[in-house]
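K.L.:
There are 2 protein chains.
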Amino acid sequence: MCDHHSRDKKGSVCRCGGGLPVEKFMQPCLLILLKQRSAHGYDLLQQLTEFGFSERLDPGSVYRTLRRLEEEGLVTSHWDVGEGGPARRLYSLSDEGEEMLHAWAVHIRQQRKRMDAFLERYQSIFSKQD
Amino acid sequence: MCDHHSRDKKGSVCRCGGGLPVEKFMQPCLLILLKQRSAHGYDLLQQLTEFGFSERLDPGSVYRTLRRLEEEGLVTSHWDVGEGGPARRLYSLSDEGEEMLHAWAVHIRQQRKRMDAFLERYQSIFSKQD
DNA sequence: TTACTATAGGGATAATTTGTCAATATAAAT
DNA sequence: ATTTATATTGACAAATTATCCCTATAGTAA
């Protein structure tokens, strides 16, 4: 989630990283992708790059998030043993999931407002002099 | 951090909450407040409302965050046993802290861009019909 | 037939982070 | 005397994260 800093030698994440944790933000992104069309995990994993997720995003975290969304009733899934390749789980958005998507939109607009408050103050301090 | 949903009976946080964890975002906010002027924890606790933090933000989390920032060398502190009231720890921004503030600004702009990507898609799906 | 790669999914684990609650202390106000 | 505002710290359980590793199927190249 943090590309402007390289990771240090020990492989740990940069210190300002995680302002918005990967898996948390992944949830509304998965919901909105599934609102557009049902899909399986591997497919979603790749679509997530459209929202700024790294191309080498850990697949484990995507599958884990999907399973949690299903536990919460926000998505449903069934096995799809169709043409070619290993069996895949096809996920769809539930009604409850769509409601949650709306709640997320409100939430994210709020967070953006907070970030704007920060950025405006930042610019008013640094842009002029210094 | 989540005001658009009330908490449920058990006192747990609403399910879409925490997209941006309170203490994580608190860090750059504290740094920018200290860039403007040195202050002590209780003072900062109140200034944080300007960034959208709840008026009843748990003081413990603010002090804890300040201590961590000091461990990391981003702020410095010394006891101020001045006029009236209990002794207070006066915090100041270090040079390293100011650098980190710039890194945070980059990071937050990036996150904002991601949120915009989400919100634009959200609107393109829902605003027209539905 | 063997090996490799792409596709697809799952799990285990340790470390961090969070929220919450409680405790301590000083001074001013009632 | 006691309540309120100021000010800081500690402890802890629960949730969350990142990370690494494992399994399995099918098609393709060697």
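Residue numbers (my numbering), protein chains in the order written: chain A, 1 to 130; chain B, 1001 to 1130.
From the three backbone atoms N, C-alpha and C, an ideal C-beta is built for every residue, glycine too.
Note that the structure is a prediction, hence the values are computed from the model and not measured.
Whole-angstrom Cβ separation of Y132/A and V75/A, contact assumed at under 8 Å?
P.N.:
Beyond the ends of chain A as shown, which are 1 and 130, falls residue 132/A; an answer cannot be given.
K.L.:
Out of curiosity, what's the CA-to-CA distance linking E120/A and C1029/B?
P.N.:
Locating residue 120/A in the first sequence gives position 120, where the first residue counts as 1. Locating residue 1029/B in the second sequence gives position 29, where the first residue counts as 1. Whole-angstrom Cα-Cα distance: 12 Å.
K.L.:
Can you tell me where the alpha helix (DSSP H) with L48/A in it begins and where it stops?
P.N.:
Mapped onto the first sequence, residue 48/A falls at position 48. Run containing L48/A: none; DSSP gives neither H nor E here.
K.L.:
When you compare the CB of H78/A with every CB in chain B, is at least one pair closer than 9 Å?
P.N.:
Position 78 of the first sequence, counting from 1, holds the residue named residue 78/A. For H78/A, the answer is no, since every Cβ of chain B falls outside 9 Å of its Cβ.
K.L.:
Where does C1002/B fall in DSSP's three states?
P.N.:
Your numbering for residue 1002/B matches position 2 in the second sequence. The pLDDT assigned to C1002/B is 36, lower than 50, so where the model puts this residue is not dependable, and the model offers no usable value.
K.L.:
Quick check: what's the CA-CA separation for Q1110/B versus S77/A?
P.N.:
Translated into positions along the second sequence, residue 1110/B becomes position 110. Translated into positions along the first sequence, residue 77/A becomes position 77. Cα to Cα, Q1110/B sits roughly 33 Å from S77/A.
K.L.:
9 Å is my cut-off, CB to CB: does L1044/B come that close to chain A?
P.N.:
To locate residue 1044/B, count along the second sequence from 1; it is residue 44. L1044/B does not count as touching chain A.
K.L.:
Can you list, in chain order, the stretches of the alpha helix (DSSP H) that have 4 or more residues and sit fully within the stretch 1045-1111 of chain B?
P.N.:
1059-1071
K.L.:
Would the beta-carbon of L1101/B fall within 9 Å of that of K1035/B?
P.N.:
Counting from one through the second sequence, the residue named residue 1101/B turns up at place 101. Counting from one through the second sequence, the residue named residue 1035/B turns up at place 35. Yes; because the gap between Cβ atoms is below 9 Å, this pair is in contact.
K.L.:
In the DSSP assignment, what are the bridge partners of A117/A?
P.N.:
Along the first sequence, one-based indexing puts residue 117/A at 117. According to DSSP, which records beta bridges pairwise, A117/A is partnered with nothing at all.
K.L.:
Please compile the residues from chain B whose C-beta is within a distance smaller than 8 Å of the C-beta of L119/A.
P.N.:
Counting from 1 along the first sequence, the entry for residue 119/A is found at position 119. The contacting residues are A1105, I1108, R1109 and R1112.
K.L.:
Within 10 angstroms of its Cβ, does A1087/B collect 16 or more other Cβ (buried), or is it exposed?
P.N.:
To locate residue 1087/B, count along the second sequence from 1; it is residue 87. Exposed: under 16 other Cβ atoms inside 10 Å.
K.L.:
Note down, in chain order, each residue of its chain lying with its Cβ closer than 8 Å to the Cβ of L1048/B, except the 5 sequence neighbours on either side.
P.N.:
On the second sequence, position 48 is the one that residue 1048/B refers to. Excluding residues within five positions, the ones whose Cβ falls inside 8 Å are M1026, C1029, L1030, L1033, L1057 and V1062.
K.L.:
Shorter than 9 Å from the beta carbon of G52/A to some beta carbon of chain B?
P.N.:
Residue numbering aside, residue 52/A sits at position 52 when the first sequence is read from its first letter. By this cut-off, G52/A is an interface position.
K.L.:
Hey, how far is the Cα of S124/A from the Cα of G73/A?
P.N.:
Working through the first sequence from its first residue, we reach residue 124/A at position 124. Working through the first sequence from its first residue, we reach residue 73/A at position 73. In this structure, the CA atom of S124/A is about 45 Å from the CA atom of G73/A.
K.L.:
Taking only beta-carbon atoms, is L1066/B less than 9 Å away from chain A?
P.N.:
Along the second sequence, one-based indexing puts residue 1066/B at 66. Taking Cβ atoms only, chain A never reaches closer than 9 Å to L1066/B, which makes this a no.
K.L.:
In terms of alpha-carbon separation, which member of D95/A, S127/A and V22/A lies closest to G52/A?
P.N.:
Reading the first sequence from its first residue, position 52 is the one you call residue 52/A. Ranking D95/A, S127/A and V22/A by Cα distance to G52/A puts V22/A first.
K.L.:
Does the beta carbon of D1116/B come closer than 9 Å to any beta carbon on chain A?
P.N.:
For this step, residue 1116/B is matched to residue 116 along the second sequence. Taking 9 Å as the threshold, the shortest C-beta distance from D1116/B to chain A falls below it.
K.L.:
Is the beta carbon of E50/A sitting closer than 9 Å to the one on A1117/B?
P.N.:
Counting from 1 along the first sequence, the entry for residue 50/A is found at position 50. Counting from 1 along the second sequence, the entry for residue 1117/B is found at position 117. A contact, by the Cβ cut-off of 9 Å.
K.L.:
With a threshold of 16 other CB atoms inside 10 Å of the CB of G1060/B, please say whether the residue is buried or exposed.
P.N.:
Your numbering for residue 1060/B matches position 60 in the second sequence. Flag for G1060/B reads exposed.
K.L.:
Is Y1122/B close to chain A, meaning its C-beta is less than 9 Å from at least one C-beta of that chain?
P.N.:
Mapped onto the second sequence, residue 1122/B falls at position 122. For Y1122/B, the answer is yes, since a Cβ of chain A falls inside 9 Å of its Cβ.
K.L.:
Taking the C-alpha atoms as reference points, what is the distance between F1126/B and E98/A?
P.N.:
For this step, residue 1126/B is matched to residue 126 along the second sequence. For this step, residue 98/A is matched to residue 98 along the first sequence. Each residue's CA atom was taken as its position, placing F1126/B and E98/A some 11 Å apart.
K.L.:
Name the residue from W79/A, L66/A and E71/A whose alpha carbon lies nearest to the alpha carbon of G41/A.
P.N.:
The residue you call residue 41/A lines up with position 41 of the first sequence. Of the listed residues, the one whose Cα sits closest to G41/A is L66/A.
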